[in-house]
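Numbering (my numbering), first residue to last: 3 to 86.
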Amino acid sequence: MLIGGKSNTKWLKDEDLGLYLDSDGFVQTMTMAFDKTQMPLATNLSGVFAAADVRTGATRRIAAAVGDGGAAALSIYQYSKHHP
């Protein structure tokens, strides 16, 4: 979650999930940190995706966030086909 341009992901660290965050607390996704042949917006945790302003490299624009949401939904659909 993002409020006012700063990441609001401290709770993700507190939960000790092992989710990769950058130094500013933004969630790292395949598009930024991993093998680009993998599903975009996937995180290092299987079945967990991040979209829009919460992820590293996001443009922080409404139209881009909407597009990210659609891309994440498609990735989740593709993932669910192979991981029922």
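Every residue gets a Cβ at the ideal spot worked out from N, C-alpha and C, and that includes glycine.
Three-state secondary structure assigned by DSSP to residue i
{"i": "Val29", "result": "strand"}
{"i": "Thr21", "result": "According to the sequence provided, residue 21 is Leu. The question's Thr does not apply to it. Coil at Leu21, not helix or strand."}
{"i": "Ala60", "result": "coil"}
{"i": "Ala74", "result": "helix"}
{"i": "Ser48", "result": "coil"}
Inter-residue Cα distance where the pair is residue i and residue j
{"i": "Gly49", "j": "Ala74", "result": "11 Å"}
{"i": "Ser82", "j": "Lys8", "result": "31 Å"}
{"i": "Leu14", "j": "Thr58", "result": "15 Å"}
{"i": "Thr61", "j": "Ala54", "result": "8 Å"}
Classification of residue i by the beta-carbon crowding that lies within 10 angstroms, buried from 16 upward
{"i": "Ser77", "result": "buried"}
{"i": "Val68", "result": "exposed"}
{"i": "Leu43", "result": "buried"}
{"i": "Ala65", "result": "exposed"}
Nonlocal neighbours in the same chain, by C-beta distance under 6 Å from residue i, ignoring five residues either side
{"i": "Asn46", "result": "Tyr22"}
Residues of its chain near residue i, where Cβ-Cβ distance is below 7 Å and the 5 sequence neighbours each way are ignored
{"i": "Asp26", "result": "Ser9"}
Cutoff 8 Å; reference residue i; Cβ partners in own chain excluding five residues on either side
{"i": "Gln80", "result": "Met41"}
{"i": "Thr11", "result": "Met3, Leu23, Gly27, Phe28, Val29 and Val56"}
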